[in-house]
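Below is one structure; the comments refer to it alone.
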Amino acid sequence: MGWLGLFGALGMVSISICLFVVGSLSRRLGRVTKAKAYFVGFYISAGLVLIGAMARLYHLGITDTEQIELSDNVLWVMLYNGAPALGITLGLVFAWRYWSWLLAERN
Numbered sequence: 055m056g057w058l059g060l061f062g063a064l065g066m067v068s069i070s071i072c073l074f075v076v077g078s079l080s081r082r083l084g085r086v087t088k089a090k091a092y093f094v095g096f097y098i099s100a101g102l103v104l105i106g107a108m109a110r111l112y113h114l115g116i117t118d119t120e121q122i123e124l125s126d127n128v129l130w131v132m133l134y135n136g137a138p139a140l141g142i143t144l145g146l147v148f149a150w151r152y153w154s155w156l157l158a159e160r161n
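Under the working numbering, residues 55 to 161 are what the sequence shown spells out, in order.
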């Protein structure tokens, strides 16, 4: 579980970086087009995914008995699984809302 957990956390960090980059691009585009500040949602999404990655890294460093105790805690489950799921879902919603004009363009 050690390497798998580490790769899972690194994957979440890379998703968080991608959301941050999309947020930065959206901010720049929003300044030019004078659109509403939906780009903040990408930063919130990146933060939620990063919280999930930190929870997974913490989970790697504790003993098996502590892991069993944490698995019964609802707050821990929400940090470990819920925060990344909510972050990716919010990122999808904001990307659809902010960038859907690309799909509407026709020749």
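Glycine included, every Cβ here is placed at the ideal spot set by N, Cα and C. Just so we're clear, the structure is a prediction, and the values are computed from it rather than from any experiment.
Item: Same chain, Cβ closer than 6 Å to G141, neighbours up to 5 away in sequence not counted; Value: S99, L102 and V103
Item: Buried versus exposed call for G115 [16 or more other C-beta atoms within 10 Å across all chains shown]; Value: exposed
Item: Close beta carbons around Q121, own chain, < 7 Å, minus the five adjacent residues each side; Value: H113
Item: Exposed unless 16 or more other CB atoms sit within 10 angstroms - verdict on V76; Value: buried
Item: Given 8 Å, three or more beta-carbon pairs between the segment 140–158 and the segment 81–97; Value: yes
Item: Through-space distance from R110 to Y134, alpha-carbon basis; Value: 6 Å
Item: Host alpha helix (DSSP H) of T143 (start-end); Value: A137 to W153
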